[in-house]
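First the structure, in the form of structure tokens, and then the observations on it.
Number of protein chains: 2
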Amino acid sequence: MPSGSSVSGASLDLSRARFEVVYHLACPGTEVETRARDICIEQTVEFPESAIPNPEIREQIVGRILAIEALDAGRFEARIAYPVEAAGSELTQFVNLLFGNISLKPGVRLVRFEVPDALADLYPGPRFGRDGLRTLVGVTDRPLLCTAIKPMGLGPHELADLAHRLALGGIHLIKDDHGLADQVFCPFDERVALCSEAVSRANRETGGNALYLPNVTAPAGEIGRRAHFAKEAGAGGLLFCPGLAGLDAVRALAADDRLDLPILSHPAFQGGHCIHPDSGVSHGALFGQLNRMAGADATIFPNWGGRFSFTREACLDLVEGTVRPMGSIRPIFPVPAGGMRLDRVAEMCDFYGPDVILLIGGDLHANGRDLIDNCRQFSNLSQQA
Amino acid sequence: MPSGSSVSGASLDLSRARFEVVYHLACPGTEVETRARDICIEQTVEFPESAIPNPEIREQIVGRILAIEALDAGRFEARIAYPVEAAGSELTQFVNLLFGNISLKPGVRLVRFEVPDALADLYPGPRFGRDGLRTLVGVTDRPLLCTAIKPMGLGPHELADLAHRLALGGIHLIKDDHGLADQVFCPFDERVALCSEAVSRANRETGGNALYLPNVTAPAGEIGRRAHFAKEAGAGGLLFCPGLAGLDAVRALAADDRLDLPILSHPAFQGGHCIHPDSGVSHGALFGQLNRMAGADATIFPNWGGRFSFTREACLDLVEGTVRPMGSIRPIFPVPAGGMRLDRVAEMCDFYGPDVILLIGGDLHANGRDLIDNCRQFSNLSQQA
Numbered sequence: 002m003p004s005g006s007s008v009s010g011a012s013l014d015l016s017r018a019r020f021e022v023v024y025h026l027a028c029p030g031t032e033v034e035t036r037a038r039d040i041c042i043e044q045t046v047e048f049p050e051s052a053i054p055n056p057e058i059r060e061q062i063v064g065r066i067l068a069i070e071a072l073d074a075g076r077f078e079a080r081i082a083y084p085v086e087a088a089g090s091e092l093t094q095f096v097n098l099l100f101g102n103i104s105l106k107p108g109v110r111l112v113r114f115e116v117p118d119a120l121a122d123l124y125p126g127p128r129f130g131r132d133g134l135r136t137l138v139g140v141t142d143r144p145l146l147c148t149a150i151k152p153m154g155l156g157p158h159e160l161a162d163l164a165h166r167l168a169l170g171g172i173h174l175i176k177d178d179h180g181l182a183d184q185v186f187c188p189f190d191e192r193v194a195l196c197s198e199a200v201s202r203a204n205r206e207t208g209g210n211a212l213y214l215p216n217v218t219a220p221a222g223e224i225g226r227r228a229h230f231a232k233e234a235g236a237g238g239l240l241f242c243p244g245l246a247g248l249d250a251v252r253a254l255a256a257d258d259r260l261d262l263p264i265l266s267h268p269a270f271q272g273g274h275c276i277h278p279d280s281g282v283s284h285g286a287l288f289g290q291l292n293r294m295a296g297a298d299a300t301i302f303p304n305w306g307g308r309f310s311f312t313r314e315a316c317l318d319l320v321e322g323t324v325r326p327m328g329s330i331r332p333i334f335p336v337p338a339g340g341m342r343l344d345r346v347a348e349m350c351d352f353y354g355p356d357v358i359l360l361i362g363g364d365l366h367a368n369g370r371d372l373i374d375n376c377r378q379f380s381n382l383s384q385q386a
Numbered sequence: 002m003p004s005g006s007s008v009s010g011a012s013l014d015l016s017r018a019r020f021e022v023v024y025h026l027a028c029p030g031t032e033v034e035t036r037a038r039d040i041c042i043e044q045t046v047e048f049p050e051s052a053i054p055n056p057e058i059r060e061q062i063v064g065r066i067l068a069i070e071a072l073d074a075g076r077f078e079a080r081i082a083y084p085v086e087a088a089g090s091e092l093t094q095f096v097n098l099l100f101g102n103i104s105l106k107p108g109v110r111l112v113r114f115e116v117p118d119a120l121a122d123l124y125p126g127p128r129f130g131r132d133g134l135r136t137l138v139g140v141t142d143r144p145l146l147c148t149a150i151k152p153m154g155l156g157p158h159e160l161a162d163l164a165h166r167l168a169l170g171g172i173h174l175i176k177d178d179h180g181l182a183d184q185v186f187c188p189f190d191e192r193v194a195l196c197s198e199a200v201s202r203a204n205r206e207t208g209g210n211a212l213y214l215p216n217v218t219a220p221a222g223e224i225g226r227r228a229h230f231a232k233e234a235g236a237g238g239l240l241f242c243p244g245l246a247g248l249d250a251v252r253a254l255a256a257d258d259r260l261d262l263p264i265l266s267h268p269a270f271q272g273g274h275c276i277h278p279d280s281g282v283s284h285g286a287l288f289g290q291l292n293r294m295a296g297a298d299a300t301i302f303p304n305w306g307g308r309f310s311f312t313r314e315a316c317l318d319l320v321e322g323t324v325r326p327m328g329s330i331r332p333i334f335p336v337p338a339g340g341m342r343l344d345r346v347a348e349m350c351d352f353y354g355p356d357v358i359l360l361i362g363g364d365l366h367a368n369g370r371d372l373i374d375n376c377r378q379f380s381n382l383s384q385q386a
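Protein chains in written order, with my numbering: chain A, 2 to 386; chain B, 2 to 386.
Here is the structure:
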């Protein structure tokens, strides 16, 4: 009995709704059709085409090439459509369908994807987004200011003192350094209680609305507990590293009505996905679109010209991903960072415009002047631009 | 008041226990010291060295260069030690410390890491490992056989029929295709109930111990429910994609005494971390060491010479990571896969030796012969080698 003959005969009846994904392929022109067809198979049935047991699967499940277009030498853009039902209703399987197995192949890059209503309706996305976050901190029409409490090694009282002064200085979002977890020298609960109180106290002193965002990147069963502890303590938002603890954990935090807190995503351990231009995931798709689908309200990334290596073009692509139409999913803030300095604020404002969160860390401490004065200078510089 | 002066004066008092991480750097020889020093800072304090407020942090927290050695032209090996306390007791922060921010920089690759007892004791690792998995399926001293039920698009009854025949044919581990999640055309609960029953029935017929491993890669709050549903239904193990749902979720599954099931990890969406030889994470560290620390019992990867692009050397490095001494953490099985065919079984047995799980998918269906016969041929070939 050939293996196909045991199929029970039940047939697929999908909605025929498909969504479109754009890949860039680096290969000789003679191979591009085969490469695109390979993606259609690899990302869905992962099965020899000739052995697919029934025609409905071939027609309804296997990806479909919509178009292939030559870019520059040896590079092509392929648009492929997948059935909405193959992505299910879960972010984990959605990412798997977009780029699961083919992440293991060089020369293919996920560039962007379209989110029709049938998909977008499954993902509420960010709870606040750009407008909501502006309302929370009470700032319209200019960049928001962000910094981190650090360095690692300071204790909770020292960090709380820093947070207090940063809020006095006019910083809107004061986040944990992403290396602050729950170490013996700085336990999460103690740090978060003290820093939340310190920022609240500064807000009472200034009449401002600074938010403290503790890092809730944590073991699987602990993320929710820390987030709720933070909420109870009066934290104003959450910092999270989806590369370390999963993109879907962002979705779970964003969906939690009892939390009702904005989420700032941090790119730790996500570099491999994006730093090679001919493979991986584009900056716009990774830090923009996927973060938005998950529910982050702002997305930290290394700005061009800092300690890291992102190009101007990559940063612009990322910004495009934060705002590209995706059903009713809100636009989110880009947060360029990574060794930014006060002397680059004007340039950053010019490059990104007003819809940006500027993140400066160490440089607020490195000028030999008072920290609060440096924060005020940061604020002034961002308003002059 | 300079910002440093507000530090409360509390001083660090760490154990001084450090663990060692090996990186490869691609850069000119004139830059290698600076690059290594940069890693020491970036992965810990992420702060201008001159602004670090107290000497204890500089001495106890900042990474320490143990050695730098030239490899071939333009490549260097740097060994760096970090304080055990900076990694905390959580896998998320451990990975962050190893490679969080520097993943965003080209030309640095995490090659391997040492796990002293102070760290290993925090991570029980795989519940079964190689020996435990051999005991479960009752096979000593030869390769175990694995396959997937697919293609996506078949319904639960069709997949259960496949699973039954694969078990009759002598396959030891019958896993869900990693694209099977909880889609409308193949709901998780129905599939898992039927396939578990089908494999149990086959075991009663053959006297064998085939395991069915459903894919429990799922949204954050759903992983545990699916795993426990699978356990109740009689599944013999779990398939999980840490690249999609987080490495720490593997740890949570492995730590769950009520589950007590072996875990097979799948590399979906992890390609970016490893496919470029001068950046990212080595195959041994990513698929071997990190999977083991998390608690996977076997690690699927694309074999050389298949549909993907891993080299022979990468595969050998990966195998080394599955067995490298790591405290009391057990060795796990490498599972080479990705377009493997019956006509390569002898070669794979020769290359990997007996301590391997051979995974063949589509080729069991593609030979125009009976599926059960193909499975038996697979088994015979693996025993002749």
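Cβ atoms here follow ideal geometry from the backbone N, Cα and C, with glycine treated the same way.
Predicted model only: the values in this text are computed from it and were never measured.
Residue i, enclosing beta strand (DSSP E) - first and last residue
i	result
A/His-25	19-27
A/Arg-80	76-84
A/Thr-141	No beta strand (DSSP E) holds A/Thr-141; DSSP gives it neither H nor E.
A/Val-193	Where A/Val-193 is concerned, there is no enclosing beta strand (DSSP E), although the alpha helix (DSSP H) it sits in stretches over 189-207.
A/Asp-351	Looking at the DSSP string, A/Asp-351 is not in any beta strand (DSSP E); the run it does join, the alpha helix (DSSP H), is 346-353.
A/Leu-174	174-177
A/Leu-111	109-114
Residue i (DSSP reduced to helix, strand or coil)
i	result
B/Gln-184	strand
B/Met-341	coil
A/Gly-5	Here A/Gly-5 scores only 40 on pLDDT, less than 50, and its place in the model should not be relied on; the value that follows carries that caveat. Here A/Gly-5 sits in helix by DSSP.
B/Gly-10	Caution is warranted here: a pLDDT of 49 is assigned to B/Gly-10, below 50, making its placement in the model unreliable, and no coordinate value can be reported.
B/Gln-384	helix
A/Thr-312	coil
A/Pro-243	helix
A/Thr-45	coil
B/Ile-373	helix
A/Glu-70	strand
A/Ile-103	helix
B/Leu-360	strand
B/Arg-65	strand
Continuous alpha helix (DSSP H) stretch holding residue i: start and end
i	result
B/Glu-223	Where B/Glu-223 is concerned, there is no enclosing alpha helix (DSSP H), given that its DSSP letter is neither H nor E.
A/Thr-218	No alpha helix (DSSP H) contains A/Thr-218, which DSSP labels as neither H nor E.
A/Cys-275	272-275
A/Asp-162	157-169
A/Ile-58	56-61
A/Phe-302	Not the alpha helix (DSSP H): A/Phe-302 falls in the beta strand (DSSP E), residues 299-303.
Under 8 Å between C-beta atoms of residue i and residue j
i	j	result
A/Cys-242	A/His-274	no
A/Gly-363	B/Ala-37	no
A/Gly-328	A/Ala-88	no
B/Asp-96	B/Leu-291	Residue identity check: residue 96 of chain B is Val in the sequence provided, not Asp. Yes. Within cutoff.
B/Ala-199	B/Ala-164	yes
B/Cys-376	B/Gly-133	no
A/Lys-106	B/Ser-283	no
B/Val-33	B/Phe-77	yes
B/Pro-335	B/Leu-360	no
A/Pro-127	A/Arg-293	yes
B/Met-153	A/Val-251	no
With 16 other Cβ atoms within 10 Å as the buried cut-off, status of residue i
i	result
A/Gly-237	buried
B/Asp-177	buried
B/Ser-6	Since pLDDT at B/Ser-6 reaches only 39, below the 50 mark, its modelled position is unreliable, and no value is offered.
B/Gly-339	buried
B/Asp-118	exposed
A/Gly-10	At A/Gly-10 the pLDDT is 49, less than 50, meaning the model places this residue with poor confidence; the figure from the coordinates comes in the next sentence. The residue is exposed, with fewer than 16 neighbouring Cβ atoms inside 10 Å.
B/Pro-332	buried
A/Glu-159	buried
B/Pro-3	Per-residue confidence for B/Pro-3 stands at a pLDDT of 38, beneath the threshold of 50, marking its modelled position as unreliable; the derived number appears in the next sentence. Classification for B/Pro-3: exposed.
A/Gln-184	buried
A/Pro-215	buried
Proximity test, residue i beta-carbon vs the ligand HEM heavy atom, cut-off 7 Å
i	result
B/Gly-75	This structure simply doesn't include the ligand HEM, nor any ligand for that matter.
Where are the beta strand (DSSP E) runs, 3 residues long or more, that stay fully inside the region 247-290 of chain B, in chain order? 264-266
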